[in-house]
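Chemist: Residue 383, in UniProt numbering, is where the sequence shown stops; the numbers in between run on with no holes.
Virtual Cβ for every residue (Gly too), placed ideally from N, Cα, C.
The model shown is predicted, which means the values in this text are computed figures rather than measured ones.
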Amino acid sequence: MTRGRYREFCQCDNPAMTRGRYREFCQCDNPAMTRGRYRGFYQCDFDIAGQYDTMIPDAECLKIVHEILSALELGDFHIKVNDRRILDGMFAVCGVPDDKFRTICSTVDKLDKMLWEDVKKEMVVEKGLSEEAADQIGAYVSMQGGMDLAERLLQDPKMSQSKQACAGLSDIKLLFSYLQLFQVTDKVVFDLSLARGLDYYTGVIYEAVLTQAGVAPVSNDTQNGSEERVSVGSVAGGGRYDGLVGMFDPKGRKVPCVGVSIGIERIFSIMEQKAEASAEKVRTTEVQVMVVSAQKNLLEERLRLVTELWNAGVKAEMMYKKNPKLLSQLHHCEESGIPLVAILGEQELKDGVVKLRVVATREEVDVPRDDVISEIRRRTSQA
Numbered sequence: 001m002t003r004g005r006y007r008e009f010c011q012c013d014n015p016a017m018t019r020g021r022y023r024e025f026c027q028c029d030n031p032a033m034t035r036g037r038y039r040g041f042y043q044c045d046f047d048i049a050g051q052y053d054t055m056i057p058d059a060e061c062l063k064i065v066h067e068i069l070s071a072l073e074l075g076d077f078h079i080k081v082n083d084r085r086i087l088d089g090m091f092a093v094c095g096v097p098d099d100k101f102r103t104i105c106s107t108v109d110k111l112d113k114m115l116w117e118d119v120k121k122e123m124v125v126e127k128g129l130s131e132e133a134a135d136q137i138g139a140y141v142s143m144q145g146g147m148d149l150a151e152r153l154l155q156d157p158k159m160s161q162s163k164q165a166c167a168g169l170s171d172i173k174l175l176f177s178y179l180q181l182f183q184v185t186d187k188v189v190f191d192l193s194l195a196r197g198l199d200y201y202t203g204v205i206y207e208a209v210l211t212q213a214g215v216a217p218v219s220n221d222t223q224n225g226s227e228e229r230v231s232v233g234s235v236a237g238g239g240r241y242d243g244l245v246g247m248f249d250p251k252g253r254k255v256p257c258v259g260v261s262i263g264i265e266r267i268f269s270i271m272e273q274k275a276e277a278s279a280e281k282v283r284t285t286e287v288q289v290m291v292v293s294a295q296k297n298l299l300e301e302r303l304r305l306v307t308e309l310w311n312a313g314v315k316a317e318m319m320y321k322k323n324p325k326l327l328s329q330l331h332h333c334e335e336s337g338i339p340l341v342a343i344l345g346e347q348e349l350k351d352g353v354v355k356l357r358v359v360a361t362r363e364e365v366d367v368p369r370d371d372v373i374s375e376i377r378r379r380t381s382q383a
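1) Could you tell me if E348 is buried or exposed, where buried requires 16 or more neighbouring beta carbons within 10 angstroms of its beta carbon?
2) Helix, strand or coil for Y241? Go by DSSP, reduced to three states.
3) Whole-angstrom Cβ separation of Q51 and S261, contact assumed at under 8 Å?
4) From which residue to which residue does the beta strand (DSSP E) around S162 run?
5) With a threshold of 8 Å on Cβ separation, who are the neighbours of E132 within its own chain once the five nearest residues in sequence on each side are excluded?
6) What do you get for residue 460, buried or exposed, if any count of 16 or more other CB atoms within 10 angstroms of its CB means buried?
7) Over the uninterrupted beta strand (DSSP E) stretch that includes G259, give me the two end residues.
8) Give me the Cβ distance between G237 and R196, rounded to the nearest whole Å; I'm assuming they're in contact under 8 Å.
9) Rounded to whole angstroms, what is the Cα-Cα separation between S142 and I376?
10) Kindly indicate which three-state DSSP category Y178 falls into: helix, strand or coil?
11) Answer yes if the region 159 to 174 comes into contact with the region 79 to 88, meaning at least three C-beta pairs across the two stretches below 8 Å, and no otherwise.
12) Based on Cα-Cα distance, which residue from E60, A49, G337 lies nearest to S177?
13) Just checking my contact of V204 with G239 at CB under 8 Å: how many whole Å lie between their CB atoms?
14) Less than 7 Å between C-beta atoms, sequence neighbours within five positions excluded: which residues of the same chain meet that for T284?
15) Opposite S293 in the DSSP bridges: which residues?
16) Are the beta-carbon atoms belonging to A134 and K120 less than 7 Å from one another?
17) With distances taken Cα to Cα, identify the nearest neighbour of D47 among P256, E301, K163.
18) Please name the residue or residues paired with E207 in a DSSP beta bridge.
19) On the three-pair Cβ rule with 8 Å, is the region 179 to 194 touching the region 95 to 106?
20) Suppose only complete runs of 4+ residues qualify. What are the alpha helix (DSSP H) ranges in the region 129 to 161, listed by chain order?
21) Using alpha carbons as the reference points, say which of P368, L194, L344, S328 lies closest to I86.
22) Just mark R266 as buried or exposed, buried being the case when its beta carbon has 16 or more other beta carbons within 10 Å.
23) Tell me P368's beta-bridge partners as DSSP assigns them.
24) How is K121 classed by DSSP in three states: helix, strand or coil?
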């Protein structure tokens with residue numbers, strides 16, 4: 001989606017903008033259905049383009065990811081951050097030849113899926129890196145922390161020799177200072193193993209990973225009573241790509257950009273697995289109250305009440321049948337997760353009341369007809 005976004009920026013007279021987009025995306029990949037990895041999937045994209053002060057847009061992107069994952073309540077998560085300049089500087093001071101930077105970076109990117117021993121073997125055996133250089137890289141990519149780690153690395157005898165690395169580390173420090181103001185540092189980790197294999201990133205990179213997504217069904221390979229975490233990999237990722245627009249802009253403009261993509265399909269796969277493992281029913285509607293009738297021939301009364309509720313801004317619905325069975329109507333509420341039922345019957349009409357039923361507890365209370373809207377609002381605001 002990033003490539004599609006830079007084309008859009010190139011076509012704008014004023015490319016300084018903030019844009020969000022949600023669309024289908026396709027890639028040539030080996031699908032892994034249980035991990036939420038598909039060849040065709042939906043993704044939400046958020047980008048900020050324009051000349052702004054350093055790290056402020058980057059911090060906002062991380063704030064947005066934090067807000068979304070917190071609101072979805074998928075489980076505990078952390079957001080890993082790094083900088084491509086730090087990676088390049090690290091490779092340089094560790095003795096990696098310039099022509100091997102990208103291929104070694106792609107190997108480091110596998111650390112979230114492979115043990116360090118296997119990653120080191122690929123570097124040395126398959127890609128011809130010296131064992132000494134690989135060991136030095138291993139010492140760095142095991143480091144995690146926050147602003148304090150960036151400060152330590154700025155004083156590191158080797159890293160301090162790289163201007164690229166120092167520039168990236170200074171920006172990481174600044175980023176964490178803004179994240180403190182946004183109050184999201186509790187979930188953000190400076191992780192030197194984060195590489196993200198896309199070449200167009202020029203600065204800060206980040207990736208959100210669920211660390212406690214819930215419990216998947218126990219397989220035959222697990223011990224009795226053991227918990228198996230949902231395995232879906234990262235659910236969001238992005239970074240800064242300052243050079244991408246300028247490569248294709250017919251006017252030759254260089255537009256700094258930073259953005260993040262959120263994997264909707266992966267998030268859905270987690271939510272589905274959590275729903276299957278939980279006895280709690282999933283709400284499939286935003287309807288707050290269903291208007292039902294206890295006897296026959298009350299269609300007009302139901303229509304009057306549901307119209308009053310709609311006019312008052314209450315999310316209400318009713319069955320489009322003249323004489324639906326009461327049990328069928330109540331069952332629909334339970335299955336759909338509708339919290340309240342407004343019951344109309346002959347006795348309620350005589351008494352000038354509406355019987356409100358709480359679906360979860362089956363508690364019922366008679367409410368004067370003139371007060372029914374305010375009572376529904378009171379109860380739904382507490383839910």
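Modeler: In short, the structure shows the following:
1) As a working mapping, residue 348 is identified with position 348 in the sequence shown. Label assigned to E348: buried.
2) To locate residue 241, count along the sequence shown from 1; it is residue 241. Coil at Y241, not helix or strand.
3) Within the sequence shown, residue 51 is the residue found at index 51, counting from 1. Within the sequence shown, residue 261 is the residue found at index 261, counting from 1. So it is not a contact: roughly 23 Å between Cβ atoms.
4) On the sequence shown, residue 162 is found 162 positions in, with the first residue counted as 1. Annotation for S162: no beta strand (DSSP E) segment contains it, and DSSP assigns it neither H nor E.
5) Stepping through the sequence shown from its first residue, residue 132 is reached at position 132. Contacts found: G95.
6) It is not possible to answer for residue 460, since the shown part of the chain is limited to 1 through 383.
7) To locate residue 259, count along the sequence shown from 1; it is residue 259. 257 to 263 is the extent of the beta strand (DSSP E) around G259.
8) One-based indexing of the sequence shown puts residue 237 at position 237. One-based indexing of the sequence shown puts residue 196 at position 196. Going by Cβ atoms, the distance from G237 to R196 rounds to 6 Å, so yes, they are a contact pair.
9) For this step, residue 142 is matched to residue 142 along the sequence shown. For this step, residue 376 is matched to residue 376 along the sequence shown. Looking at the two C-alpha atoms, the distance is approximately 55 Å.
10) Start at 1 with the first residue of the sequence shown, and residue 178 comes out as number 178. In the displayed model, Y178 falls within a helix according to three-state DSSP.
11) Segment contact: the region 79 to 88 against the region 159 to 174, three or more CB-CB distances shorter than 8 Å; contact assigned.
12) Position 177 of the sequence shown, counted from the first residue, corresponds to residue 177. The candidate whose alpha carbon is nearest that of S177 is E60.
13) Counting from 1 along the sequence shown, the entry for residue 204 is found at position 204. Counting from 1 along the sequence shown, the entry for residue 239 is found at position 239. That belief holds up - the Cβ atoms of V204 and G239 are roughly 6 Å apart, short of 8 Å.
14) The residue given as residue 284 occupies position 284 in the sequence shown. Sequence-distant Cβ neighbours of T284 in its own chain, meaning closer than 7 Å and more than five residues away, are S336, G337.
15) If you number the sequence shown from 1, residue 293 lands on position 293. BP columns for S293 point to L344.
16) Indexing the sequence shown from 1 puts residue 134 at position 134. Indexing the sequence shown from 1 puts residue 120 at position 120. The answer is yes: Cβ separation under 7 Å.
17) Start at 1 with the first residue of the sequence shown, and residue 47 comes out as number 47. Checked all of P256, E301, K163; the closest Cα to D47 is P256.
18) Within the sequence shown, numbered from 1, the residue matching residue 207 stands at position 207. Residue pairing from DSSP places E207 in a beta bridge opposite K80, G237.
19) Contact between the region 179 to 194 and the region 95 to 106 is not established, with fewer than three Cβ pairs separated by less than 8 Å.
20) Within the region 129 to 161, the alpha helix (DSSP H) runs of at least 4 residues that lie entirely inside it are, in chain order, 131 to 141, 147 to 154.
21) As a working mapping, residue 86 is identified with position 86 in the sequence shown. Cα-wise, what sits closest to I86 is L194.
22) Your numbering for residue 266 matches position 266 in the sequence shown. Result: buried.
23) Numbered from its first residue, the sequence shown carries residue 368 at position 368. P368 is bridged to V353.
24) To locate residue 121, count along the sequence shown from 1; it is residue 121. Three-state result, K121: helix.
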